[in-house]
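Protein chains in written order, with my numbering: chain A, 3 to 269; chain B, 3 to 269.
For every residue, glycine included, the Cβ atom is placed at its ideal position computed from N, Cα and C.
2 protein chains.
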Amino acid sequence: MIQSQNQWFETSIGLLSDPQNQRVWSVIISLFGDMAQRPNDQISGAALTRIITPMGIKPEAIRVALHRLRKDGWIESARSGRASTHYLTQYGRDQCAAVTSRIYARDPVLPQKLHVLIADGGGGQEALDEVLLLPGYIAINRTTALGYGPKPKTSHDLLALEADNFSLPGWFKTQLFPTELTNSCHALLKVVSKISDPPAGLNSAQVASLRTLIVHRWRRVVLRHPDLPPDFHPPTWRGVACRDRVFTLLDQLPLPNLAELRDPVDV
Amino acid sequence: MIQSQNQWFETSIGLLSDPQNQRVWSVIISLFGDMAQRPNDQISGAALTRIITPMGIKPEAIRVALHRLRKDGWIESARSGRASTHYLTQYGRDQCAAVTSRIYARDPVLPQKLHVLIADGGGGQEALDEVLLLPGYIAINRTTALGYGPKPKTSHDLLALEADNFSLPGWFKTQLFPTELTNSCHALLKVVSKISDPPAGLNSAQVASLRTLIVHRWRRVVLRHPDLPPDFHPPTWRGVACRDRVFTLLDQLPLPNLAELRDPVDV
């Protein structure tokens, strides 16, 4: 029985691992964001090793990534004797919190209204470039931005209008959902569809490894496209099916208990 | 009494004449468009002279302009003995007909809906440039056009959307109603406001001179701006007041009878 759980785990982790595109520091952020985002959450070095090495990542690579994350202010580490624990800094928690709702949205809220801001060649360009730094704005072209919600009360040098009843040409759909992203999404859908329902009796570290990789790969799809109604999707976009399968799997792999991860009873 | 009619006429024609900006061939088109646009309408050379010379235009200049208009296919002339008559060609009538409804619209139909077409930097640009040749389209900037009515059923490579609830920056209003046009419109409003109510007993040629100049100057204002709701107007735009006064005057100077103009009984 243990054997068959381990076999299922090996197969699944093999499908989910993507060694070409797997930056270790980024995987660690996915892990903390998924399992240890609250102020007092911490993960031991031993648990990190148990969760991450099955992805084909060496302990030395984990140490290098942790060093980088400390240097960049994401993570702090504490040591007592040979044991170490790691936790997100306030900065790290803020960064994670900023995207958590988008990553974990099962049924993303699609904008009921959209507006458009248009610059002329001259002074408005600067205003438009500023606007495009805000969340909820997408460039249509050099002088035009699509914005979520009703138009802002003041739009200064920009021509603003509320828009509906769109005709959406292929170039715009491909700009919103670039081919490379559509391909990544399709590849992830293929992977998560191949993973069969998890067997009972997986240990906490195994659940954590799988959740981390699923969240990690989904994060790299979901944060790179805007939430827009289906008529904005290119015909090849499989994001809706991919999201469904991702959350079905995450529901079947419920968040492990951090205490169990810290003091493994199951190895 | 005749003296006072003539005095009023001299004053009014003096106000309306704008020798700097008065191309004779263009004045003649205004005249035909106003008074002789139907297939069998014609105006004698003598009548043309009686109508146009009071504007400060010499008979020689009228002959030169008629020559040009014949060469350009607008007008044909017939001669019998020393008398000549002139009439619009089919081409000339078509050209006049294409703009008559806009020139004489007392209460222009404002668009209930507007749409916007947006090109990307690439292929859509050509499609947009084509669209901008159509009536009912106005350039917003190099890659964006404002269109009257609902969006077209097919818009090919263009992103199309229906727009409302506009915020309109100064640059866009000035682009629609350029300062020079706003100034011309204001100058015409000042002139037509200074002209007092026409006295009774003006002769047909006097009425024709005044109508021609009013239509001529109004034509050069009305055809150079789009019919858009007041919130698209710059604060200095006086087009609404100008139109009102123009039509009040035209109503007080009803179209003279062409037969009377041909065979003057009143000189």
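Residue nearest to V118(A) within the set R221(A), L230(A), R108(A), A165(A) is A165(A) (criterion: CA-CA distance). Residues L90, R95, C98, A99, T102 of the same chain have their beta carbon placed closer than 8 angstroms to that of Q39(B), with the five preceding and five following residues left out of the count.
Within chain A, the residues placing a beta-carbon under 8 angstroms from that of T146(B) are I120, T145, T146, ordered along the chain. Within the region 157–173 of chain B, the residues whose Cβ lies closer than 9 angstroms to some Cβ of chain A are S157, H158, D159, L160, L161, A162, L163, E164, A165, D166, N167, F168, S169, L170, P171, G172, W173, listed in chain order. When C-alpha distances from N8(B) are compared across L225(B), R144(B), S211(B), the shortest belongs to S211(B). Our two residues, A261(B) and G47(B), have alpha carbons roughly 13 angstroms apart in a direct line. Excluding residues up to 5 positions away in sequence, I120 lie with their Cβ nearer than 6 angstroms to the Cβ of T146(B) in the same chain. Rounded to the nearest angstrom, the gap between the Cα atoms of D43(B) and Y93(B) is 14 angstroms. Shortest Cα-Cα distance from C187(A) to any of H218(A), P61(A), P258(A), I45(A) involves H218(A). Taken through DSSP and simplified to helix, strand or coil, D199(B) comes out as coil. Between A141(A) and L135(A) a beta carbon distance of about 11 angstroms is seen, past the 8 angstroms cut, so the two are scored as non-contacting. Under the three-state reduction of DSSP, V111(B) is assigned to coil, being neither helix nor strand. Around I142(A), the beta-carbon contacts reaching into chain B at under 7 angstroms are I120, L161. Shown here for F234(A): same chain residues with a beta carbon closer than 7 angstroms to its own, the five before and five after excluded, namely L170, K175, L178 in chain order.
In this chain, the beta strand (DSSP E) harbouring S86(B) covers 85–90. S206(B) and Q254(B) have their C-alpha atoms roughly 13 angstroms apart. Between W220(A) and V242(A), the CB-CB gap reaches or exceeds 7 angstroms. The criterion of a C-beta distance shorter than 7 angstroms is satisfied by R226(A) and L183(A). The beta carbons of V224(A) and I105(A) sit closer together than 7 angstroms.
Scanning chain A for C-beta atoms nearer than 7 angstroms to the C-beta of K153(B) yields N167, S169, reported in chain order. Annotated three-state conformation of A38(A) is coil, per DSSP.
Within the model, the alpha-carbon separation for I197(A) versus P61(A) is close to 26 angstroms. Non-local C-beta neighbours of L161(A) in its own chain, meaning closer than 6 angstroms and more than five positions away in sequence, comprise I120, ordered along the chain.
I64(A) and P237(A) have their C-alpha atoms some 39 angstroms from each other. For S169(A), the uninterrupted beta strand (DSSP E) run begins and ends at 161–169, by DSSP. Annotation: the continuous alpha helix (DSSP H) that includes I53(A) extends over 47–54.
For L215(A), the enclosing alpha helix (DSSP H) begins and ends at 206–224. Short of 6 angstroms from the beta carbon of S86(B), and not among the five residues preceding or following it, lie these beta carbons of its own chain, in chain order: G47, S79.
The DSSP-derived three-state label of R245(A) is helix. The C-beta distance from I59(B) to V26(B) rounds to 6 angstroms, short enough to fall under 8 angstroms.
Closest option to L116(B), judged by alpha-carbon separation, among L230(B), T250(B), P256(B): L230(B). Judged by DSSP in its simplified three-state form, A121(B) adopts coil rather than helix or strand.
Looking at the backbone, the Cα of P200(B) and that of P137(B) are separated by about 37 angstroms. Membership of I64(A) in any beta strand (DSSP E) is not indicated; the residue belongs instead to the alpha helix (DSSP H) covering 61–73.
If the five residues before and after A67(B) are omitted, its C-beta is found closer than 7 angstroms to the C-beta atoms of V26, W27, I30, all from its own chain and listed in chain order.
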